Ligand code: NAP
Ligand code: GDP
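Residue numbers (our numbering): 27 to 345.
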């Protein structure tokens with residue numbers, strides 16, 4: 027029986043992997059979900075102790091210091107250092123403990139910012155990761171995550187390791203982080219709309235609502251991570267996202283959230299807050315060429331399910 031260790035196992039994506047892992051027979055594999063309580067991955071000694079105990083054959087590495095635009099702007103140092111340290115220690119231990127397959131997680135926000143890089147055209151594909159600076163708002167996180175791609179290639183070249191990296195767009199779903207200042211946009215809007223509904227106050231969206239994003243629902247992404255663990259073995263990263271035709275504005279997302287709650291008043295946009303990156307459109311052509319039968323959950327349906335999850339779990343959700 028082979029052990030596959032999932033780091034960040036009690037985060038949003040970790041929970042989703044746990045939820046969907048039983049959908050297909052995974053004969054000969056058992057999954058072990060670990061999180062910071064089992065070992066702080068910024069600490070090399072704790073990371074080694076975790077590998078020593080679990081002795082994984084494969085690792086799906088989801089743990090990260092994660093946050094939305096406003097956390098990234100406020101905590102560039104932590105986003106850079108914590109992510110660099112975690113990824114460094116996990117990769118080193120994977121080599122040391124003979125891990126056969128490591129799946130690491132990038133993000134499409136690590137790609138070059140198009141307005142700073144005239145040679146980059148949208149939609150972005152996997153080939154341009156290092157071809158220009160990322161958007162300044164999430165530079166620390168972006169540079170740390172880019173090193174995952176670099177380091178994975180080195181291990182593949184020098185030690186023959188099957189280390190791959192996957193780049194999802196903005197994720198949302200059950201078990202998200204709903205912190206008002208630190209969360210990503212969809213959980214933030216779910217929390218704010220819930221408070222507006224219950225308090226009879228305005229639903230306030232930060233910024234103009236004009237930026238564009240592609241979103242992926244965490245159970246969809248979890249299925250893609252498991253597929254990639256068993257079937258994707260290439261050195262180049264793989265973008266995991268619905269196609270560019272699924273790009274939506276933050277204003278549209280706020281409207282989807284309002285609809286799911288039945289919030290009927292006008293949505294307020296507070297332009298005292300910055301908008302961050304305007305757009306980072308990516309193509310999913312490579313994914314569709316490798317896994318053409320995969321279907322993403324429609325956005326409105328996924329937002330409705332995420333709102334329902336929050337309403338049922340607001341007292342225990344990460345706030
Ligand atoms: P998440 O819900 O915050 O999960 C991350 C998990 O990592 C949390 O359980 C967290 O524990 C844990 N963690 C943080 N610091 C740790 C440490 N020092 N040692 C061990 N564990 C630690 O985030 P997610 O959204 O599921 O993200 C999963 C992956 O997707 C990450 O690699 C992230 O960079 C990537 N990603 C996320 C998005 C997005 O929109 N959310 C977009 C693109 C890529 P605590 O909660 O206790 O800190
Ligand atoms: P990004 O996609 O990496 O920039 O990060 P986010 O998921 O935090 O999305 C940021 C976008 O959502 C920006 O255009 C923000 O102005 C907008 N936004 C609107 N309201 C909120 C909010 O309450 N929290 C967050 N994080 N973003 C918001």
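Built from N, CA and C at the ideal position, the CB exists for glycine as well.
In this text, all values refer to a predicted model and were calculated from it rather than measured experimentally.
Buried versus exposed call for residue i [16 or more other C-beta atoms within 10 Å across all chains shown]
i	result
residue 195	buried
residue 308	buried
residue 226	exposed
residue 298	exposed
residue 315	exposed
residue 215	buried
residue 273	buried
residue 142	exposed
residue 128	buried
residue 89	buried
residue 31	buried
residue 152	buried
residue 333	buried
residue 300	exposed
Distance cut-off 6 Å: residue i Cβ against heavy atoms of the ligand GDP
i	result
residue 301	yes
residue 95	yes
residue 144	no
residue 83	no
residue 135	yes
residue 286	no
Run of the alpha helix (DSSP H) containing residue i, from where it starts to where it stops
i	result
residue 74	70-80
residue 347	Since the first residue shown for the chain is 27 and the last is 345, residue 347 is missing from the structure and cannot be characterised.
residue 6	A question about residue 6 goes unanswered here, because the residues of the chain that appear run from 27 up to 345.
residue 56	Where residue 56 is concerned, there is no enclosing alpha helix (DSSP H), although the beta strand (DSSP E) it sits in stretches over 55-59.
residue 264	Here residue 264 belongs to no alpha helix (DSSP H); instead the beta strand (DSSP E) covers 264-266.
residue 314	311-316
Per-residue DSSP class, three states only, for residue i
i	result
residue 178	helix
residue 340	coil
residue 89	coil
residue 43	helix
residue 193	strand
residue 205	coil
residue 236	coil
residue 48	helix
residue 198	strand
residue 123	coil
residue 84	strand
residue 300	coil
residue 146	coil
residue 106	helix
residue 38	helix
First through last residue of the beta strand (DSSP E) which encompasses residue i
i	result
residue 289	Note, residue 289: premise wrong, no beta strand (DSSP E); not H, not E.
residue 131	127-131
residue 155	Residue 155 -> no beta strand (DSSP E), and no H or E assigned at all.
residue 294	294-296
Residue i Cβ short of 6 Å to the ligand NAP heavy atom set
i	result
residue 194	yes
residue 120	no
residue 34	yes
residue 310	no
residue 102	no
residue 235	no
residue 92	yes
Contact set for residue i: own chain, Cβ-Cβ below 7 Å, skip 5 residues either direction
i	result
residue 175	132, 155, 191 and 263
residue 168	135, 136 and 160
residue 126	83, 84 and 188
residue 165	102
residue 112	67, 68, 89 and 90
Own chain partners of residue i with C-beta closer than 8 Å, once the 5 adjacent residues on each side are dropped
i	result
residue 54	27 and 28
residue 147	140
residue 185	121
residue 46	245, 248, 249 and 252
Close-in-space but distant-in-sequence residues of the same chain around residue i (CB under 6 Å, 5 per side omitted)
i	result
residue 328	243
residue 209	94 and 203
residue 250	266
residue 212	198
residue 106	166 and 170
residue 201	38 and 41
Cβ-heavy atom distance, residue i to the ligand MN, below 6 Å
i	result
residue 332	With respect to small molecules bound, the structure shown includes the ligand NAP and the ligand GDP and not the ligand MN.
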